[in-house]
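Novice: If you want the numbering used here, it's the 1-based position in the sequence shown plus 1314.
We treat Cβ as the ideally placed atom computed from N, Cα and C, and that holds for glycine.
Note that the coordinates shown come from a computational prediction; the quantities given were computed from them, not determined experimentally.
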Amino acid sequence: MSEQHDKEQNSHEARKFATKLLHFGSEIDRNTGASSVPIYQASTFHHEDVFNPPVHDYSRSGNPTRQALEDYIALLEGGVRGFAYSSGMAAISSTFMMLSAGDHMIVTEDVYGGTYRLLTSILNRLGIESTFVDMTDLEQVKAALKPNTKAVYMETPSNPTLKITDIAAVTSWAKEHDLLTMLDNTFMTPYYQRPIEHGVDIVLHSATKFLGGHSDVLAGLAVARTPSIGRQLKQLQNGLGTVLGVQDSWLLMRGMKTLQARMNHSEQSAAVLAAWLNGRPDIEKVYYPGLLDHPGREIHEKQSTGYGAVVSFDVGSGERAKQVLNKVRIPLVAVSLGAVESILSYPAMMSHAAMPPEVRHERGIADGLLRFSVGLEDIDDLIADLDQALQG
1315 MSEQHDKEQN
1325 SHEARKFATK
1335 LLHFGSEIDR
1345 NTGASSVPIY
1355 QASTFHHEDV
1365 FNPPVHDYSR
1375 SGNPTRQALE
1385 DYIALLEGGV
1395 RGFAYSSGMA
1405 AISSTFMMLS
1415 AGDHMIVTED
1425 VYGGTYRLLT
1435 SILNRLGIES
1445 TFVDMTDLEQ
1455 VKAALKPNTK
1465 AVYMETPSNP
1475 TLKITDIAAV
1485 TSWAKEHDLL
1495 TMLDNTFMTP
1505 YYQRPIEHGV
1515 DIVLHSATKF
1525 LGGHSDVLAG
1535 LAVARTPSIG
1545 RQLKQLQNGL
1555 GTVLGVQDSW
1565 LLMRGMKTLQ
1575 ARMNHSEQSA
1585 AVLAAWLNGR
1595 PDIEKVYYPG
1605 LLDHPGREIH
1615 EKQSTGYGAV
1625 VSFDVGSGER
1635 AKQVLNKVRI
1645 PLVAVSLGAV
1655 ESILSYPAMM
1665 SHAAMPPEVR
1675 HERGIADGLL
1685 RFSVGLEDID
1695 DLIADLDQAL
1705 QG
């Protein structure tokens, strides 16, 4: 790496987050002055000199467009190396391949349903064992340690009940036992939460959500804290071929440029929505880290600079939940979250359908639970629409 490149990199790292989103190192094409990263729609690259191969030789192993995105997310998360995958689950599954048969990992109990499915129906067949614990209780994490434990996997806030894990406490304990730590940062994004600063080894994203932000791209990202971990992730990404295509890489970078503006607006509306729901006697429970009585709020405020744009709430029964889903008119009723348009989801039949009902209920994912990802619409319109849907 050249001295000039080092200076430029240090300059980018010193800037404020809003500036980094727009000026991340590849925002201007050095060859033409174009105002966006070129899309290198190429599968392979010519070798002018076979004995001195070019930086990129085959797009599975590396592509300039994807590389710009990977450098972009590494800068935002404060890691040494980033990686882009074909989906959030591709990022998670590729990262889990750092483990081997006979290894054990400790996992947040109310983890995303796709991650739960991967661990309990695929990786268990490969001899990789998991123990699910309530990570709001550090003693439960410690009690799950086994001689073959190799990793700890966190989600905070968790999906969909928004439980808070003390990141620094878990990573500090994990380091004492030489455990790899991973954290799904999809809900908070690097704008609100940078887990590497709290000692996490690998940060993961379903970039389909808030980073992309427009319900038009499927992508996953990972960021490594150290060069050694980065080399392992690169080997796995290349070996498994779980890479993100160049068109989606470009589209994701375009979406990421407005991350801060979108998150600011959506979080402000989410706080209003959560308070309104919390004041209704016909709502059994509201989950939002910004509420004064949210469990773990103080811990969340130590490690995050905002509360996010996702509000979950229990309307009391599966029958009433379906009534609300059928009557709302503004939000999409859909799988996913984190878009410019609001999205109302039903975890029991969508994100967490892979969990057996008894397991969902044990983890607080009741049949009446709904998850509202607040978009950019006017909050008064969103509340009026939800009010009429709740009236029944």
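If you follow the beta strand (DSSP E) that A1602 is in, where does it begin and where does it stop?
Specialist: In the sequence as displayed, the identity of residue 1602 is Tyr instead of Ala. Counting along the chain, Y1602 falls outside any beta strand (DSSP E), and DSSP gives it neither H nor E.
Novice: With a threshold of 16 other CB atoms inside 10 Å of the CB of S1316, please say whether the residue is buried or exposed.
Specialist: With a pLDDT of 46 at S1316, under the threshold of 50, the modelled position of this residue cannot be trusted; read the value that follows with caution. So S1316 counts as exposed.
Novice: Suppose you measure from the CA of G1555 to the CA of N1345; what does that come to, to the nearest Å?
Specialist: Going from the Cα of G1555 to the Cα of N1345 covers about 29 angstroms.
Novice: Inspect the beta-carbon positions of V1514 and T1495 and report whether they are closer than 8 angstroms.
Specialist: Yes; because the gap between Cβ atoms is below 8 angstroms, this pair is in contact.
Novice: With a threshold of 16 other CB atoms inside 10 Å of the CB of Y1660, please say whether the residue is buried or exposed.
Specialist: Classification of Y1660: buried, given that the 10 Å Cβ count is 16 or more.
Novice: Starting from the C-beta of P1352, find all residues in its chain whose C-beta is less than 6 angstroms away, skip the five residues before and the five after it, and write them out in chain order.
Specialist: Cβ neighbours of P1352 beyond the five flanking positions: D1343.
Novice: Under 8 angstroms, do I1693 and S1626 count as touching if we go by C-beta distance?
Specialist: Not closer than 8 angstroms, so no.
Novice: Considering only residues of the same chain and omitting the five flanking positions on each side of F1338, which have a CB-CB separation below 6 angstroms?
Specialist: Taken in chain order, the residues that qualify are Y1386, L1389.
Novice: Quickly, what does DSSP pair L1658 with across the bridge? List them, please.
Specialist: Per DSSP, V1647, F1686.
Novice: Looking at the structure shown, is T1479 part of a helix, part of a strand, or coil, going by DSSP?
Specialist: Three-state DSSP puts T1479 in coil, outside helix and strand.
Novice: According to DSSP, which residues form a beta bridge with T1358?
Specialist: T1358 is bridged to Y1372.
Novice: Tell me which same chain residues have a C-beta within less than 8 angstroms of the C-beta of Q1551, skipping the five on either side of it?
Specialist: Closer than 8 angstroms at the Cβ level, and outside the excluded window around Q1551, lie F1397, Y1399, S1408, V1557.
Novice: Please name the residue in I1436, M1419, E1490, T1445 whose C-alpha comes closest to that of A1465.
Specialist: Measuring from the Cα of A1465, the nearest candidate turns out to be M1419.
Novice: Would you report the Cα separation of I1679 and Q1507, rounded to the nearest angstrom?
Specialist: Going from the Cα of I1679 to the Cα of Q1507 covers about 24 angstroms.
Novice: Mapping the DSSP letters down to three states, classify L1525 as helix, strand or coil.
Specialist: The answer is coil: DSSP assigns L1525 none of H, G, I, E or B.
Novice: Compute the Euclidean distance between the alpha carbons of V1688 and A1575, then round it to the nearest angstrom.
Specialist: When rounded, the distance between both Cα atoms is 14 angstroms.
Novice: I'd like the list of long-range same chain contacts for R1395, defined as Cβ closer than 6 angstroms, with 5 residues on each side in sequence excluded.
Specialist: The answer, listed in chain order, is A1388, A1538, G1544.
Novice: In whole angstroms, give me the CA-to-CA distance for M1468 and N1377.
Specialist: About 30 angstroms.
Novice: Determine the DSSP secondary structure at G1396, reduced to helix, strand or coil.
Specialist: Of the three classes helix, strand and coil, the one that applies to G1396 here is strand, per DSSP.
Novice: For E1327, does the three-state DSSP call read helix, strand or coil?
Specialist: E1327: helix per DSSP, three-state reduction.
Novice: From R1677 to T1358, what distance separates their C-alpha atoms?
Specialist: The straight-line gap from Cα to Cα measures roughly 47 angstroms.
Novice: Could you give the DSSP three-state label for Q1705: helix, strand or coil?
Specialist: If DSSP states are grouped into helix, strand and coil, Q1705 belongs with the helices.
Novice: So, with DSSP's three-state summary, where would you put I1342?
Specialist: DSSP places I1342 in coil when its eight states are reduced to three.
Novice: Buried or exposed: which applies to N1473, given that a residue is buried once 16 or more other Cβ atoms fall within 10 Å of its Cβ?
Specialist: By the 10 Å Cβ count, N1473 comes out buried.
Novice: Kindly list the residues whose CB is nearer than 8 angstroms to the CB of T1522, restricted to its own chain and excluding five residues on each side of it in sequence; keep chain order.
Specialist: If we look at T1522 and ignore the five residues flanking it on each side, its Cβ neighbours are S1401, G1402, V1531, L1532, A1533, G1534, S1650, G1652.
Novice: Just to confirm, is the Cβ distance from Y1354 to T1333 under 8 angstroms?
Specialist: Cβ atoms of Y1354 and T1333: not closer than 8 angstroms.
Novice: So is F1410 buried or exposed if we call it buried at 16+ other beta carbons inside 10 Å?
Specialist: The residue in question, F1410, is buried, as its Cβ has 16 or more Cβ neighbours within 10 Å.
Novice: Grouping DSSP H, G and I as helix and E and B as strand, with all else coil, what is Y1467?
Specialist: Reduced to three states, the DSSP call for Y1467 is strand.
Novice: Tell me which residue opens and which closes the alpha helix (DSSP H) that D1562 is part of.
Specialist: It spans 1560-1570 - the alpha helix (DSSP H) in which D1562 sits, taken as one unbroken run.
Novice: Within its chain, find whatever has a CB closer than 8 angstroms to the CB of A1458; leave out the 5 residues flanking it on each side and keep chain order.
Specialist: Within the same chain, A1458 has close Cβ partners I1420, T1445, V1447.
Novice: Do L1696 and S1631 count as a contact pair if the criterion is CB distance below 8 angstroms?
Specialist: No. Outside cutoff.
Novice: How many angstroms separate the CA atom of I1436 from the CA atom of R1594?
Specialist: Cα-Cα distance, rounded: 42 angstroms.
Novice: Apply the 10 Å Cβ neighbour rule to P1509 and answer buried if 16 or more other Cβ atoms are within range, or exposed otherwise.
Specialist: Burial call: buried.
Novice: Assuming V1586 and N1592 form a contact by the criterion Cβ under 8 angstroms, report the distance between their Cβ atoms to the nearest whole angstrom.
Specialist: Not a contact, Cβ separation roughly 11 angstroms.
Novice: Just the Cα atoms here: how many angstroms apart are T1503 and S1520?
Specialist: Spanning the two alpha carbons is a distance of roughly 10 angstroms.
Novice: Taking 8 angstroms as the limit between beta carbons, can you name the residues of its chain near A1415, skipping five residues before and five after?
Specialist: Excluding sequence neighbours, A1415 sits near L1440, G1441, I1442.
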